[in-house]
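Here the structure comes first, spelled out in structure tokens, and everything after it is commentary.
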Amino acid sequence: MKKVTITLLVSLIAVCLVSTHCQAKSKAKHVVLIGLDGWGAYSVPKADIPHIKQLMADGSYTLEKRSALPSSSAINWASMFMGAGPELHGYTEWGSKTPELPSRVLNEHGIFPTIFQVLRDARPEAEIGCLYEWSGIKYLVDTLALSHHAQAPDYNKYPEALCNMAEKYIKEKQPVLLAVCFDNPDHVGHQAGHDTPGYYAKLKELDTYVGRIIQAVEDAGMLKETIFIVTADHGGINKGHGGKTMQEMQTPFIISGKNVKKGLEFHESMMQYDVASTIAHIFGLQQPQVWIGRPVTQVFK
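Taking mature numbering (1 follows the signal peptide of the UniProt record, and there is no 0), I'd label the letters of the sequence shown as residues -24 to -1, 1 to 277.
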């Protein structure tokens, strides 16, 4: 009997140690992902974006993250959230609402696995949200895996609405994972053109919203336990995107906050679908076999 008791005790201790180790793998309690549609990496050195540049100084970044092809919206928002490219998730056009190619795998909600669903499966009670301006986002995030999702009203009439929604949600709900998807500077890129005074004016405006979201996280008492990610789906050239120029394909990836190295510019290869994998890594989650993304582990302490 003594041997059986000792064996059981050792087993219980081993289970506890494994559980503790799994919990310790989490890098932060919260992740706030801020996406700026149409934000090309080429613009960063010239842009007046003090809040974003402070995140760069306080964290790690690359200006060489590449989009999936074609370098346009639905393809790349899907890749960002789904940890794989269009060959696997199947969203292949600018405004895809459903996959044009059969998704390689479908989850229980009938959609390719997203970071939101992977987190939901691991933490059923987690507060998970997505707020956006472009209606196309809702087809790519697996809304059934979210606690809350909402589209902001017309930006032209209510330019601060999405920021206001994000501030309110953060302070009221303290989400574990929140994606805030702004539909600019893409619109200005199509109207005034990329790399124009109007484009840089819009980036300056958006930077104020990033600053307000950071402040909301601090006001909610989450700042010390949060990792911020600021990135984009694609860049652009002239008044368009979707092609194979570096201005269209290279986007910034900025990560800052708890357990992130400071002042690191990294040059290792990063693809759009590595964003989902990096978020999974932050939360200590095992990513689905069908994902091809790799976490950018070099940015963490």
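We put the beta carbon where it would ideally sit given N, CA and C, even for glycine. Please read these numbers as outputs of a predicted model, since none were measured by experiment.
- For HIS163 and ALA4, the gap between their C-alpha atoms comes out near 34 Å.
- By the CB criterion at 8 Å, LYS41 and THR273 fall outside the cutoff.
- Between PRO151 and HIS6 a beta carbon distance of about 7 Å is seen, short of the 8 Å cut, so the two are scored as contacting.
- In the DSSP assignment, VAL156 falls within the unbroken beta strand (DSSP E) covering 153 to 158.
- Annotated three-state conformation of HIS6 is strand, per DSSP.
- Under the DSSP definition of a beta bridge, ALA177 lacks any partner.
- Annotation: GLU84 to VAL206 spans about 30 Å, alpha carbon to alpha carbon.
- Residue state for MET198 is assigned as coil, using DSSP reduced to three classes.
- Runs of the beta strand (DSSP E) lying entirely within the region 111 to 146, each at least 3 residues long, are 124 to 127 in chain order.
- Ranking THR221, ALA44, LYS277 and LEU116 by CA distance to the CA of GLY86 puts LEU116 first.
- Membership of GLU40 in the beta strand (DSSP E) is indicated by the continuous run 36 to 42.
- The three-state reading of DSSP puts MET56 in helix, counting H, G and I together.
- Residue environment for LYS238: exposed (fewer than 16 other C-beta atoms within 10 angstroms of its C-beta).
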